[in-house]
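In order, the protein sequence lines correspond to chains B and E. The working numbering applies: residue 639 is where the first sequence begins, and numbers increase by one. The working numbering applies: residue 639 is where the second sequence begins, and numbers increase by one. The C-beta atom is built at its ideal place from N, Cα and C for all residues, glycine as well.
There are 2 protein chains.
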Amino acid sequence: MADEMMNIREMCDAFDVTPRTLRFYEAKELLFPVREGQKRLFTKRDRARLKLILRGKRFGFSLEEIRQLLDLYDMGDQQHTQLVKTYEVAEDRLASMISQRDELNEAIEELKEQLEWGAKMIAASKDKHHAAE
Amino acid sequence: MADEMMNIREMCDAFDVTPRTLRFYEAKELLFPVREGQKRLFTKRDRARLKLILRGKRFGFSLEEIRQLLDLYDMGDQQHTQLVKTYEVAEDRLASMISQRDELNEAIEELKEQLEWGAKMIAASKDKHHAAE
DNA sequence: CGTTACATTTACGTTAACGTAAGCTTTTGT
DNA sequence: ACAAAAGCTTACGTTAACGTAAATGTAACG
């Protein structure tokens with residue numbers, strides 16, 4: 639129970655990523671595994687961050703953008719100015735996520751219509767297909 | 639009025655892209671400008687497609703994925719099987735867009751909470767800042 | 001008719017986000 | 001104790017989506 643650390647393989651299995659990816663994220667300062675001798679041990683905090691990283695990626699954010707967002711989750715005893723700056727970054731990101739969702743909703747509606755139209759085409763094509771037999 | 643063609647510069651201005659981008663999309667068979675001698679002339683159809691391309695990109699779709707979706711808009715007198723295949727691709731895409739939107743909604747809510755928490759931190763930090771003066 | 005000004009082709013350069021191979025050390029099973 | 005397995009570092013390779021530069025063509029303007 640005192641053991642909340644995971645080695646690299648357990649992390650890979652848990653999150654379906656490669657070792658290379660985890661090392662890469664460490665190099666980019668997105669994760670901060672501690673070292674037991676040479677080996678990496680990932681903490682609970684690393685796991686929380688990785689979860690957010692992977693979700694961010696699914697929305698098309700770059701790792702650099704994600705890194706800035708992650709800082710918001712780690713604001714402990716920072717300086718006021720840095721705190722405010724990070725807050726503003728997050729606000730911008732939120733706004734862009736909201737507009738992205740709205741646009742996505744539009745696209746979904748349009749694609750739905752298109753699919754109905756496509757279904758009719760297929761029906762027509764099927765008729766022709768059968769009539770030829 | 640018979641003139642619904644646009645040259646490359648008009649396209650760039652209208653859609654805020656570079657000439658290189660338009661030539662690249664042509665090379666990738668996403669656009670099919672006609673030629674007047676050496677020069678490209680983009681039709682109304684090209685403009686409709688470009689609009690969809692740019693939107694697709696904002697959702698993080700690759701150009702190859704977008705190309706498949708575009709085919710749905712050009713199903714004229716295709717063969718039944720190809721028609722059905724394209725339809726299925728579009729259905730998959732729709733499903734992934736919907737789940738993407740749902741996930742995005744979750745993330746938005748979480749980020750909102752995080753922002754409220756951040757606001758409190760900033761307030762506290764401001765107090766400390768003032769108390770030190 | 002010369003010279004800007006824009007278009008085109010060809011081709012090498014660039015960035016992000018890892019993949020992959022080589023070579024070395026450490027751990028683990030037998 | 002020794003070989004296989006797993007981890008580490010270093011470093012070059014890869015793909016997507018264009019950027020950018022060079023050489024050439026052509027159209028328009030004074």
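{"Asked": "Chain-ordered neighbours of B:Y725 on chain E, where CB pairs are closer than 8 Å", "Found": "L753, G756, A757 and I760"}
{"Asked": "Within-7 Å CB hit, B:R685 to chain E", "Found": "no"}
{"Asked": "B:S763: contacting residues in chain E (beta-carbon distance under 7 Å)", "Found": "H718 and L721"}
{"Asked": "Spatial neighbours of B:D684 in its chain, beta-carbon cut-off 7 Å, leaving aside the 5 residues before and after", "Found": "L669, F670 and P671"}
{"Asked": "Residue burial classification, E:G675 (beta-carbon count within 10 angstroms, cutoff 16)", "Found": "exposed"}
{"Asked": "Residue(s) in a DSSP beta bridge with E:V672", "Found": "E:L679"}
{"Asked": "Sufficient close CB pairs (3 or more, under 8 Å) joining the segment 678-697 of chain B to the segment 647-663 of chain B", "Found": "yes"}
{"Asked": "Close beta carbons around B:E748, own chain, < 7 Å, minus the five adjacent residues each side", "Found": "none"}
{"Asked": "C-alpha gap between E:R678 and E:R705, whole angstroms", "Found": "20 Å"}
{"Asked": "Exposed unless 16 or more other CB atoms sit within 10 angstroms - verdict on B:N645", "Found": "exposed"}
{"Asked": "Cβ neighbour criterion (16 or more within 10 Å) applied to E:D762", "Found": "One detail in the question is off: residue 762 of chain E reads as Ala in this sequence, not Asp. When all chains shown are included, E:A762 counts as exposed."}
{"Asked": "Bridge-paired residues (DSSP) for E:M644", "Found": "E:F680"}
{"Asked": "Beta carbon proximity, E:G675 to chain B, threshold 7 Å", "Found": "no"}
{"Asked": "Assumed close pair E:M735, B:I746 - CB separation to whole angstroms, cut-off 8 Å", "Found": "5 Å"}
{"Asked": "Members of the segment 729-745 of chain B near chain E, C-beta cut-off 8 Å", "Found": "E729, R731, L732, M735, I736, Q738, R739, E741, L742, N743 and A745"}
{"Asked": "Straight-line Cα distance separating B:A665 from E:A757", "Found": "30 Å"}
{"Asked": "CB contact check: E:L668 to chain B, cutoff 7 Å", "Found": "no"}
{"Asked": "Minimum Cβ-Cβ distance from E:L749 to chain B less than 7 Å", "Found": "yes"}
{"Asked": "Beta-carbon gap between E:T724 and E:D709 smaller than 7 Å", "Found": "yes"}
{"Asked": "DSSP state of B:D654 mapped onto helix, strand, coil", "Found": "coil"}
{"Asked": "Proximity test, Cβ basis, 7 Å: B:L710 and chain E", "Found": "yes"}
{"Asked": "Three-state secondary structure (DSSP) of E:S737", "Found": "helix"}
{"Asked": "B:F662 in three-state terms, based on DSSP", "Found": "helix"}
{"Asked": "Member of B:A728, B:D712 and B:K682 whose CA lies at the smallest distance from the CA of B:E703", "Found": "B:A728"}
{"Asked": "Start and end residues, alpha helix (DSSP H) containing B:D712", "Found": "That residue, B:D712, is in no alpha helix (DSSP H); it is neither H nor E in DSSP."}
{"Asked": "7 Å Cβ cutoff, B:A652 in contact with chain E", "Found": "no"}
{"Asked": "Within chain E, the residues that B:R693 reaches when beta carbons sit closer than 8 Å", "Found": "E741 and A745"}
{"Asked": "DSSP three-state assignment for E:D754, whether helix, strand or coil", "Found": "The sequence as given places Glu at residue 754 of chain E; Asp does not occur at that position. Reduced to three states, the DSSP call for E:E754 is helix."}
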